[in-house]
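J.: Residue numbers (the numbering used here), protein chains in the order written: chain A, 1 to 568; chain B, 1001 to 1349.
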Amino acid sequence: MMSATKHQGGSRSEDRLLSAILVLAICLTLAPVLRLFVEGVTDQGSPSLGLMRDVLAQPSTLGALKHSLVTAGFGTLVSLVLGSAFAFLVALTDLRAKAALVFCLMIPMMIPPQITALSWTQIMGPSSVLLKTLGIAPPLGAKQPLYSPEGIIFLLGIQHMSIIFLTLRAGLRAIPQDVVEAARISGAKGLRTWWQVVMPLTLPSLAAGTAITFVTALGNFGIPAMLGIPAGYATLPTLVYQKLAGMGTTVLAEVSVLAMLIGAVAVAGILVQRLFQSRQKLHLVGSTSRPLALPLGAARLPVEICLWAVVFAILVLPMFGLLATSLVPAYGVSLRLDTVTLASWYEVLFRQPVTSRAFTNSFGLAAGASVALMVICLPLAWLMERRQTRLARLFDSLLDLPYALPGVVLSIAMILLLIKLPFTEATLYGTIWIIFLAYIARFFAVMFRPVQASLKQFDPAMDEAAQSVGASLYRRLRDVIFPLSAPAAAAGAILVFLTAFNELTVSALLWSSGTETLGVVIFNLDDSGETGMASALAMTIVLVVIVLMALIQLFSRRFPKGVVPWQT
Amino acid sequence: MADIDLSSIGKTFAGTPALQDITTRFDDGAFIALLGPSGCGKTTLLRILAGFEEPTAGSLHIGNREMANAQTGANLPPEQRNIGFVFQSYALWPHMSVRRNVSYPLEIRGLSRAETRRNTDAALASTGLERYADRMPSDLSGGQRQRVALARCLVSDPCAVLLDEPLANLDVALRATMQGVFTDFHKRTGATMVYVTHDQAEAMAMADRIAVMDQGRIQQFDTPQNLYERPKNRFVAEFVGRGTVVPVQQFRTDGTAQQARILGTEVSVQSAQHAARVSHVCLRPENLTITETGHLRSKVARVTYMGGKYLLETVTDCGARLFAETRARFDVGAQLGLTITTPWAFSED
Ligand SMILES: Nc1ncnc2c1ncn2[C@@H]1O[C@H](COP(=O)(O)OP(=O)(O)O)[C@@H](O)[C@H]1O
Ligand SMILES: [Mg+2]
Chain A
1 MMSATKHQGG
11 SRSEDRLLSA
21 ILVLAICLTL
31 APVLRLFVEG
41 VTDQGSPSLG
51 LMRDVLAQPS
61 TLGALKHSLV
71 TAGFGTLVSL
81 VLGSAFAFLV
91 ALTDLRAKAA
101 LVFCLMIPMM
111 IPPQITALSW
121 TQIMGPSSVL
131 LKTLGIAPPL
141 GAKQPLYSPE
151 GIIFLLGIQH
161 MSIIFLTLRA
171 GLRAIPQDVV
181 EAARISGAKG
191 LRTWWQVVMP
201 LTLPSLAAGT
211 AITFVTALGN
221 FGIPAMLGIP
231 AGYATLPTLV
241 YQKLAGMGTT
251 VLAEVSVLAM
261 LIGAVAVAGI
271 LVQRLFQSRQ
281 KLHLVGSTSR
291 PLALPLGAAR
301 LPVEICLWAV
311 VFAILVLPMF
321 GLLATSLVPA
331 YGVSLRLDTV
341 TLASWYEVLF
351 RQPVTSRAFT
361 NSFGLAAGAS
371 VALMVICLPL
381 AWLMERRQTR
391 LARLFDSLLD
401 LPYALPGVVL
411 SIAMILLLIK
421 LPFTEATLYG
431 TIWIIFLAYI
441 ARFFAVMFRP
451 VQASLKQFDP
461 AMDEAAQSVG
471 ASLYRRLRDV
481 IFPLSAPAAA
491 AGAILVFLTA
501 FNELTVSALL
511 WSSGTETLGV
521 VIFNLDDSGE
531 TGMASALAMT
541 IVLVVIVLMA
551 LIQLFSRRFP
561 KGVVPWQT
Chain B
1001 MADIDLSSIG
1011 KTFAGTPALQ
1021 DITTRFDDGA
1031 FIALLGPSGC
1041 GKTTLLRILA
1051 GFEEPTAGSL
1061 HIGNREMANA
1071 QTGANLPPEQ
1081 RNIGFVFQSY
1091 ALWPHMSVRR
1101 NVSYPLEIRG
1111 LSRAETRRNT
1121 DAALASTGLE
1131 RYADRMPSDL
1141 SGGQRQRVAL
1151 ARCLVSDPCA
1161 VLLDEPLANL
1171 DVALRATMQG
1181 VFTDFHKRTG
1191 ATMVYVTHDQ
1201 AEAMAMADRI
1211 AVMDQGRIQQ
1221 FDTPQNLYER
1231 PKNRFVAEFV
1241 GRGTVVPVQQ
1251 FRTDGTAQQA
1261 RILGTEVSVQ
1271 SAQHAARVSH
1281 VCLRPENLTI
1291 TETGHLRSKV
1301 ARVTYMGGKY
1311 LLETVTDCGA
1321 RLFAETRARF
1331 DVGAQLGLTI
1341 TTPWAFSED
């Protein structure tokens, strides 16, 4: 008899490929985090908590921690109020033009925070071009009201309201409509249904959304950097930045402790989020086919006007500010027909070598990260779906960490890992590669999750059918799996590109002369007083963002459910 | 020769057994049905044959090739087994046209372009799909999709075709047509077919031999006729056809005649030749005649019109529920006499 022992290729080759890609993915994403942890609890190679004690005892550390908690905490509150108001109204009532509203609400999340901060400073304060043009600018010498803790809180709130909005809306959509209908049959009316039936059912998703918003606000660098540094108000991420920018890598050990401190607070938040997320799924059974649409009646038009006014205020108004500033010859001049000029645009887009370099860098980094992540994530997500080994499950639960953790934490971890490559004297610190690897780690989840979501809806028989007609693993990946998950991979790739193209937090700590990214350039232009050029560049980026988002939106019907983040 | 040989095959999922000690042989060219209630392990057995699952005990041979052996851990991957599989969900590749779906197995085998085209055309023609060759699977009806799945399986000339409840998603009328398609397909190709279903009418209509399964075991592997007329145990007697199993109170055998006391009356029964003792008989409508003088008094509990005849559910004085068929109409509550003629007897422990 012929023996089968020689022919074990099929499942074995899947196992081997899975292990190989899994190890690669773990090295790319989790190794830096691990390395940071080791740094914090050792001193010159031996275990010690001495440094940690020293750093934590410094008043600047405690001050920054307090500022971080205050701004992130109250910022989350602002997000909670705005985001949940929108979510309840959009998900539960019969508002018109919901899709347009949702799309507009997603834009603040996609616009990089430093641009949010820049644009808002352009519509407030004594030198605002827009206010001057309208003749309502405060007198010279008056303070810029946004350079304050309140300003940071307000902008953090706006920046992250979409997170609350999305998680809550997803939670609301999961409520079976018959639950609400049963309440109404029993005689409960409008607000009472909302308060006694809808609210209790959505509390878990609301709590999960709040926790993750807090974590994101805590890690935000762009807003406290643009608003807090001029006011001398440091949060933990800006403190790390200032120390590293001022004293270079000599303070690496010290900032590692700071990074771990932020990381610890963030992990606590993430755990809270996971806890509530797992709660959420428990008790919801029933049909969710038709979305709820409670009639608002006569209140519909006023409510719609109100919502669109808010959208106008947080989205359009700041953009007018940016536009006005970018069109005048010098900062503070008011915009009139005789002063309007495209000089700033021309200068920043075509003359400045640093901007064209940054364009090249950011484009290359974003495109490179998208492609590399696509190549890794597609087979990995597929194999992890097929063969649920223990290591794969563990990785699945941890792979969000580099994205969820504040960018500062990942940057410091990357420096520690790559400043001296093992077994050599070479370093990646100061090269573009450290930024590239950091992007791979950070945006891994952005690529992986949509692909995974699409593969979960994929009928495994599709692959088995190919297997039974003799297709090898390679042929099945090429002919069946890749074509079918291509839309999700494309959406993931655009999202990675979008986020990486605008990224500031990670590159702010990792750039050096020659490897500037667009985020860094805007930050530096504003820092050195070139507000007009910064605004012109920011406007350009906002346009790119909106075009890319519109592109995803356009193709959204072809993507499987759960792939486009704002279409849950 | 591609007989399928299973010896002591077992499969446990995380400690709970789904299949236990399956030892049987499916002859080359036979049309086999696996019949049983939902959850009895039919799909699991089929997936072991295909190689999607590895048995945790026993071994599997097809022809003289060892496909899987739990002892040595050997398991030939599905892509090397040359077995066709028709899925309940059809599993057509939505991004390929009907033609490409069907020709893909040949592409894998590296056939020449002309040969691929010829074989694909033949497979499409034999399933009546020529007109749909350039459509996408999403533009087909359920029955047409099932035909594509069948053509895809046929084109590569597999040594066995496995079908997992292929008609479960179709409506009743289409099911009858597709049964014809499957039997024709089997006659023409002579391929060994293993067909999973929980619908006994479907199994009876198509299969040469049926393996009735329950709780991970094959209860009886036999021809449809034998399953109905000569069930081996209580499960098969009650699962196949309409039958009531009643205990035997006394059993006598003198020479060829076998006598048993059932429900208080003495009747002659049939049983397998080697049966030294029997414990139960299976009473089917065919074994019961309604006569005024019948020695088993019973009362009609329910009447169902079956088209041309009535099915009576009756309750005897001692409480047993029996099914009888009649052309005459009876009312609920009517008293009848029943006569039992040579029921099948078996031994059950
Ligand atoms: N992948 C699996 N993991 C765990 N249990 C399984 C798996 N597949 C099947 N089972 C269990 O094995 C038993 C038999 O299942 P199956 O073969 O699908 O039954 P059938 O096809 O006869 O309805 C069931 O109890 C089922 O829950
Ligand atoms: Mg099944």
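A virtual CB, placed ideally from N, CA and C, is assigned to each residue, including glycine.
One question on the structure: do Gly492 (chain A) and Phe458 (chain A) come within less than 9 Å of each other, judged by their Cβ atoms?
T.: Taking 9 Å as the Cβ cut-off, Gly492 (chain A) and Phe458 (chain A) do not qualify as a contacting pair.
J.: With a CB to CB cut of under 7 Å and the five nearest residues on each side skipped, what residues in its chain are close to Gly542 (chain A)?
T.: Here residue 542 (chain A) is Val; the residue named in the question, Gly, does not match the sequence. Correct list, in chain order: Ile111, Ile115 and Met319.
J.: Can you give the beta carbon distance from Leu504 (chain A) to Phe221 (chain A), rounded, assuming they're within the 8 Å contact cut?
T.: 6 Å
J.: Under 9 Å, CB to CB, which of the residues in the segment 464 to 476 of chain A have a partner in chain B?
T.: Glu464, Ala465, Ala466, Gln467, Ser468, Val469, Gly470, Ala471, Ser472, Leu473, Arg475 and Arg476
J.: Of all Cβ atoms in chain B, is any one closer than 9 Å to the Cβ of Leu17 (chain A)?
T.: no
J.: Would you list, in chain order, the members of the segment 1183 to 1198 of chain B that have their beta-carbon closer than 8 Å to a beta-carbon of chain A?
T.: none
J.: Since Ser278 (chain A) and Ala536 (chain A) are thought to touch, with beta carbons under 8 Å apart, how far apart are those beta carbons, to the nearest angstrom?
T.: No, Ser278 (chain A) and Ala536 (chain A) are not in contact; Cβ-Cβ is about 47 Å, not under 8 Å.
J.: Quick one, which residues of the segment 1044 to 1061 of chain B are near chain A if we go by CB-CB under 7 Å, in chain order?
T.: Ala1050 and Phe1052
J.: Could you pull out every residue in the same chain whose Cβ sits closer than 7 Å to the Cβ of Asp526 (chain A), ignoring the five residues on either side in sequence?
T.: Excluding positions up to five away in sequence, the list reads Leu118, Met226 and Ala534.
J.: Quick one: grab the DSSP three-state call for Thr1016 (chain B).
T.: strand
J.: So with Cβ pairs under 9 Å, would you call Ala490 (chain A) a contact of chain B?
T.: no
J.: How is Ala4 (chain A) classed by DSSP in three states: helix, strand or coil?
T.: Note that Ala4 (chain A) scores 42 on pLDDT, short of 50, meaning its location in the model is unreliable and no value can be drawn from it.
J.: Arg1047 (chain B) to Glu1066 (chain B), Cα distance in whole Å?
T.: 16 Å
J.: Does the beta-carbon of Lys1042 (chain B), which I'm using as the reference point, lie nearer than 8 Å to any heavy atom of ligand 2?
T.: yes
J.: Please look up how many angstroms separate the CB atoms of Thr71 (chain A) and Leu146 (chain A), rounded, as I've assumed it's under 8 Å.
T.: Thr71 (chain A) to Leu146 (chain A), Cβ: 13 Å. No contact.
J.: Can Glu1165 (chain B) be considered in contact with ligand 2, in the sense that its beta carbon sits closer than 8 Å to one or more heavy atoms?
T.: yes
J.: Using the beta-carbon of each residue, which ones in chain A are nearer than 7 Å to Phe1239 (chain B)?
T.: Here the premise fails: no neighbours, minimum Cβ distance about 28 Å.
J.: Counting only runs that start and end within the segment 1276 to 1315 of chain B, where is the beta strand (DSSP E) found for 3 or more residues in a row?
T.: Fully enclosed beta strand (DSSP E) runs of no fewer than 3 residues occupy 1280 to 1283, 1288 to 1290 and 1296 to 1305 of the segment 1276 to 1315 of chain B, in order along the chain.
J.: Taking 7 Å as the limit between beta carbons, can you name the residues of its chain near Pro139 (chain A), skipping five residues before and five after?
T.: Pro126
J.: Quick one: Cα of Val81 (chain A) to Cα of Thr216 (chain A), how far?
T.: 17 Å
J.: From the DSSP output, in three-state form, read off Ala313 (chain A) for me.
T.: helix
J.: Kindly list, in the order they appear in chain A, the residues whose Cβ is closer than 8 Å to that of Ser1156 (chain B).
T.: Val469 and Gly470
J.: Decide if Cys27 (chain A) is buried, meaning its Cβ has at least 16 other Cβ atoms within 10 Å, or exposed.
T.: In this structure Cys27 (chain A) is exposed. Its beta-carbon is surrounded by fewer than 16 other beta-carbon atoms within 10 angstroms.
J.: Taking 6 Å as the limit between beta carbons, can you name the residues of its chain near Ser1059 (chain B), skipping five residues before and five after?
T.: Ser1007 and Asn1069
J.: Please return the same chain residues whose Cβ sits closer than 7 Å to the Cβ of Ser1279 (chain B), not counting the five positions on each side in sequence.
T.: Pro1247, Val1248, Ser1347 and Glu1348
J.: Does chain A have any CB closer than 9 Å to the CB of Tyr1104 (chain B)?
T.: yes
J.: Excluding the 5 residues flanking Ala4 (chain A) on each side, which residues of the same chain have their C-beta closer than 7 Å to its C-beta?
T.: Any reading at Ala4 (chain A) must be qualified, since the residue scores a pLDDT of 42, below 50, and its modelled position is unreliable; the value itself is stated next. Once the five neighbours on either side are set aside, Ala4 (chain A) has no close Cβ partner at all.
J.: Hey, out of B:Val1086, B:Asn1064 and B:Asn1287, whose CA is closest to Tyr1228 (chain B)'s CA?
T.: B:Asn1287
J.: If Pro1224 (chain B) and Gly470 (chain A) are in contact, beta carbons under 8 Å, what's the gap, nearest whole angstrom?
T.: With a Cβ gap of about 34 Å, Pro1224 (chain B) and Gly470 (chain A) do not count as contacting.
J.: Residues of the segment 481 to 511 of chain A with a CB closer than 7 Å to any CB of chain B: list them in chain order, please.
T.: Pro483 and Leu484
J.: With distances taken Cα to Cα, identify the nearest neighbour of Ala1002 (chain B) among B:Ile1340, B:Asn1082 and B:Leu1076.
T.: Nearest C-alpha to Ala1002 (chain B) among B:Ile1340, B:Asn1082 and B:Leu1076: B:Asn1082.
J.: Count the other CB atoms within 10 Å of the CB of Thr163 (chain A); is the residue buried (16 or more) or exposed (fewer)?
T.: Inspection of the sequence shows that residue 163 (chain A) is occupied by Ile rather than by Thr. Looking at its Cβ environment, which holds 16 or more other Cβ atoms inside 10 Å, Ile163 (chain A) is buried.
J.: What do you reckon, are the CB atoms on Leu378 (chain A) and Ser485 (chain A) nearer than 9 Å?
T.: yes
J.: When we look at the beta-carbon of Trp511 (chain A) and count the other beta-carbons within 10 Å, is it buried (16 or more) or exposed?
T.: buried
J.: Where does Ser1156 (chain B) fall in DSSP's three states?
T.: coil
J.: Hey, would you say the C-beta of Val1194 (chain B) is under 8 Å away from at least one heavy atom of ligand 2?
T.: no
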